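Q: For the sequence shown, my numbering assigns the number 6 to the initial residue and increments by one for each residue that follows.
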Amino acid sequence: MTMLFGWVRSDTAYALGWTMVHSLWEGALIAVALAMLLAALRSPRLRYAAACVAMLSLLALAGGTFGVLLPGPAAHSVASVTVHSPGLNFNERWGAADGSARQGFVEFLPWLAPFWAAGVLIFQLRTLASCLFAQRIRRRGVCCPTDVWQQRLDALRGRMAISRPVRLLESCLADVPVVTGHLRPLILMPVGMLANLSVQQVESILLHELAHIRRYDYLVNLLQTSMEGLLFYHPAMWWISNVIRAEREKCCDDVVVAIHGNAHEYATALAALEDNRWTLNSAGMAATGGDLMNRIRRLLGQPGNNNHLAPVFSAALLTVIGAVVLAAWQAPPASSANPAFGKWLNEDVVYIIKGEEKSAFEHLRTDSEREQFIKQFWIRRDPTPSTPENEAKESHYRRIAYVNERFDAGTIPGWKSDRGRVYITYGPPDEIESHPSGAKYDRPSEQGGGVTATFPFEKWLYRRIPGVGNNVLIDFVDRSGLGEYKQTSDPNGSLFQSTTPGAQAYVMITPERRASMGIPLDFEAKQYSVSLSVRTSGGQNRWKSSTVVSLCKDSPQTSGCLQRPIFALETNPLEAGTYMLEAIVTDGSGLKTRSYSVDFSIK
Numbered sequence: 006m007t008m009l010f011g012w013v014r015s016d017t018a019y020a021l022g023w024t025m026v027h028s029l030w031e032g033a034l035i036a037v038a039l040a041m042l043l044a045a046l047r048s049p050r051l052r053y054a055a056a057c058v059a060m061l062s063l064l065a066l067a068g069g070t071f072g073v074l075l076p077g078p079a080a081h082s083v084a085s086v087t088v089h090s091p092g093l094n095f096n097e098r099w100g101a102a103d104g105s106a107r108q109g110f111v112e113f114l115p116w117l118a119p120f121w122a123a124g125v126l127i128f129q130l131r132t133l134a135s136c137l138f139a140q141r142i143r144r145r146g147v148c149c150p151t152d153v154w155q156q157r158l159d160a161l162r163g164r165m166a167i168s169r170p171v172r173l174l175e176s177c178l179a180d181v182p183v184v185t186g187h188l189r190p191l192i193l194m195p196v197g198m199l200a201n202l203s204v205q206q207v208e209s210i211l212l213h214e215l216a217h218i219r220r221y222d223y224l225v226n227l228l229q230t231s232m233e234g235l236l237f238y239h240p241a242m243w244w245i246s247n248v249i250r251a252e253r254e255k256c257c258d259d260v261v262v263a264i265h266g267n268a269h270e271y272a273t274a275l276a277a278l279e280d281n282r283w284t285l286n287s288a289g290m291a292a293t294g295g296d297l298m299n300r301i302r303r304l305l306g307q308p309g310n311n312n313h314l315a316p317v318f319s320a321a322l323l324t325v326i327g328a329v330v331l332a333a334w335q336a337p338p339a340s341s342a343n344p345a346f347g348k349w350l351n352e353d354v355v356y357i358i359k360g361e362e363k364s365a366f367e368h369l370r371t372d373s374e375r376e377q378f379i380k381q382f383w384i385r386r387d388p389t390p391s392t393p394e395n396e397a398k399e400s401h402y403r404r405i406a407y408v409n410e411r412f413d414a415g416t417i418p419g420w421k422s423d424r425g426r427v428y429i430t431y432g433p434p435d436e437i438e439s440h441p442s443g444a445k446y447d448r449p450s451e452q453g454g455g456v457t458a459t460f461p462f463e464k465w466l467y468r469r470i471p472g473v474g475n476n477v478l479i480d481f482v483d484r485s486g487l488g489e490y491k492q493t494s495d496p497n498g499s500l501f502q503s504t505t506p507g508a509q510a511y512v513m514i515t516p517e518r519r520a521s522m523g524i525p526l527d528f529e530a531k532q533y534s535v536s537l538s539v540r541t542s543g544g545q546n547r548w549k550s551s552t553v554v555s556l557c558k559d560s561p562q563t564s565g566c567l568q569r570p571i572f573a574l575e576t577n578p579l580e581a582g583t584y585m586l587e588a589i590v591t592d593g594s595g596l597k598t599r600s601y602s603v604d605f606s607i608k
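#1: Only counting the same chain, and skipping five residues up and downstream in sequence, which positions put a Cβ closer than 8 Å to that of PRO388?
#2: Could you pull out every residue in the same chain whose Cβ sits closer than 7 Å to the Cβ of TYR53, ignoring the five residues on either side in sequence?
#3: Using only alpha-carbon positions, find the residue among PRO570, GLN545, THR515, PHE501 that is nearest to VAL535.
#4: Between SER542 and TYR490, how many whole angstroms is the CB-CB distance? I'm expecting something under 8 Å.
#5: Examine the Cβ distances between the region 419-437 and the region 349-364 and report whether three or more of them are shorter than 8 Å.
#6: Please list, in chain order, all residues of the same chain as ILE192 whose beta carbon is under 6 Å from its beta carbon, the five residues on each side excluded.
#7: Hey, how far is the Cα of THR24 from the Cα of VAL125?
#8: Given that a residue counts as buried once 16 or more other Cβ atoms are within 10 Å of its Cβ, and exposed if not, what is GLU580?
#9: Using 8 Å as the threshold, is the C-beta distance between TYR584 and ARG540 below it?
#10: Compute the Euclidean distance between the alpha carbons of ASN475 and ILE264, then round it to the nearest angstrom.
#11: Whole angstroms are fine: how far does the CA of VAL58 sit from the CA of VAL147?
#12: Going by DSSP, name the residue or residues bridged to LYS491.
#13: ALA510 lies in the alpha helix (DSSP H); which residues open and close that run?
#14: Residues in its own chain within less than 7 Å of GLY234 by CB, not counting five upstream and five downstream?
#15: Does the region 399-414 come close enough to the region 199-216 to have 3 or more Cβ pairs within less than 8 Å?
#16: Can you give me the Cβ contacts of ILE301 inside the same chain, cut-off strictly under 7 Å, excluding the 5 residues immediately before and after it?
#17: I'd like to know whether the C-beta atoms of VAL512 and LEU596 end up nearer to each other than 8 Å.
#18: Express the C-alpha separation of SER600 and THR515 in angstroms, rounding to a whole number.
#19: Could you please give the first and the last residue of the uninterrupted beta strand (DSSP E) stretch that includes ASN592?
#20: What's the gap between the Cα of GLY544 and the Cα of GLY523?
#21: Sorry if obvious, but does the Cβ on LEU211 come closer than 7 Å to a heavy atom of the ligand FAD?
#22: Looking at the unbroken alpha helix (DSSP H) that takes in ASP16, where does it start and where does it end?
#23: Could you tell me whether the region 431-440 touches the region 463-471, where touching means 3 or more Cβ pairs closer than 8 Å?
#24: If you reduce the DSSP assignment to three classes, tell me which class LEU305 lands in.
#25: For the alpha helix (DSSP H) that VAL73 lies in, which residues bound it at each end?
#26: Does ALA65 pass the burial test, meaning 16 or more other C-beta atoms within 10 Å, or should it be called exposed?
#27: Just the C-alpha distance for LEU202 and ARG385, rounded to the nearest angstrom, thanks.
#28: Helix, strand or coil for LEU466? Go by DSSP, reduced to three states.
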């Protein structure tokens, strides 16, 4: 607070306060002059130039006023000027003995300086956030269109004599076409728009965005936004800035009509964009900028509303709108009133949605944005986008319906169970070995020996899971007896294959850091003696097991036999490190022997 009071008492704060006061009447005169010019001019290029000159004049006058007031201690009043001696201190300047209203107003002026500084900081941070958002949508949720469209864009760029390369990408985060970047301009088109609009309509929209690039509007818009931050308190600044943005879009419209030659086709394309209109951050140049309906009427030759409001009334209206925008700016994303969106995110696609997709969905503000996101989510997963059916979406919801009916144990819904999660994620298994009555199976004890368990269990075999491996075996055990089958091996865990050529032995690391192994029984025998040991890289034994098993042939329900020629077992939890599994399989007579080794590690 001491620093704040010290600054308020300085000549700089005094000059800033008076500059803000003087800029009000200076800006009012500039706004009146601009309104008169706009009433006389019809060319968008001239109107745009006049508005830009007005904005620069307003900033220059404010800067000049501050420069005049800063060197000396003179304090200027709107009604009169009172000159103070340079030797007067703070109390002599501000402590009026007469207590008049004028002196009270003068005492308040220096406190406008911290208000102005805080406002400038907020608005410049807002501009920075807009730039960061523009950079984010250049990288997130984008994909390349067909080469045909990039070639068309290059041809249009050549017709407009633009030497800089311009890229074209489709975006799932943009609902309208937008151009970002100055040195490396990029045009973002909503996913599906290139296919839904006619070629002529798409070309007219691309010409509009190229016109922004040729006119350096992206850079000019950033400078304009910075000037808005410096004079954020001035109603005339916001009115002039609004005129600049409206006339800028009209200038680009004229470029499109001059090159494309079909104003009606372009107006139809703009009308199609109105349905998907989205309020974009100020760092981007969107085709739907300005008063879109007035632009369409102008293109079609229909009379629009050219009634120029008095600058004071316009400025007051814009001030109210600006206050609402500032109050809503940086507000946390509004929660959807429709619980269906929460169900879609946390239930329907909880197992298949990517982390960056979930984060993007959670930051959407409106239900219309969420609906568009969900639409694009399934389009990206459609294996045949040219057909009306979306096979990926239909298959996914069939899986959900199946697990809710098949795996509902009463305590938890089927989609939330371990079997439901695996089924939804990887689809139906190639083989299922089910023992709902609690058939016996072997699993290791904590001391390393094999023990017999009688819990109901299932073994699911996937011959191939892309990105995971081949012959993936997943175990589910119902230790509660209530139908709640818990997964005991994780297909997303590390999968290690046998180092023996041609062998199908494997080790998979479970979430509990156990080694779940599968040893093939690939020769004929009545019984198999299986000896297993796990050693560290230094040769120390960490786990071992030895058991005799047989295959279920004549009597599949025989207790303790295996229905598949693969022996599955799981170790006790292991510490982080590098290990080797050694497996020896012999027949009952000891004449036939197979050995396997698997190197694996636990992190």
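Heads up, the beta-carbon is just placed ideally off N, CA and C, and yes, glycines get one too. Fair warning: this is a prediction, and the values are worked out from it, not measured in the lab.
A: From the atom records:
#1: These residues qualify, in order along the chain: GLU396, ALA397.
#2: ILE249, GLU252, ARG253, CYS256
#3: The shortest Cα separation from VAL535 among PRO570, GLN545, THR515, PHE501 belongs to PRO570.
#4: Not quite, the Cβ-Cβ distance comes to about 36 Å (not below 8 Å), so this is no contact.
#5: yes
#6: LEU173, VAL184, GLU214
#7: 15 Å
#8: exposed
#9: Yes.
#10: 58 Å
#11: 38 Å
#12: VAL482
#13: From DSSP, ALA510 is part of no alpha helix (DSSP H); its letter is neither H nor E.
#14: VAL125, PHE128, GLN129, THR132
#15: no
#16: ALA272, LEU275, ALA276
#17: no
#18: 24 Å
#19: Reading the sequence as shown, one finds Asp at residue 592 and not Asn. Per DSSP, ASP592 belongs to the beta strand (DSSP E) from 582-592.
#20: So the two alpha carbons sit approximately 22 Å from each other.
#21: This structure lacks the ligand FAD; in fact it carries no ligand of any kind.
#22: 16-45
#23: yes
#24: coil
#25: 49-74
#26: Counting every other CB atom within 10 Å of its CB across the protein chains shown gives ALA65 a total below 16, marking it as exposed.
#27: So the alpha carbons of these two residues sit roughly 19 Å apart.
#28: If DSSP states are grouped into helix, strand and coil, LEU466 belongs with the strands.
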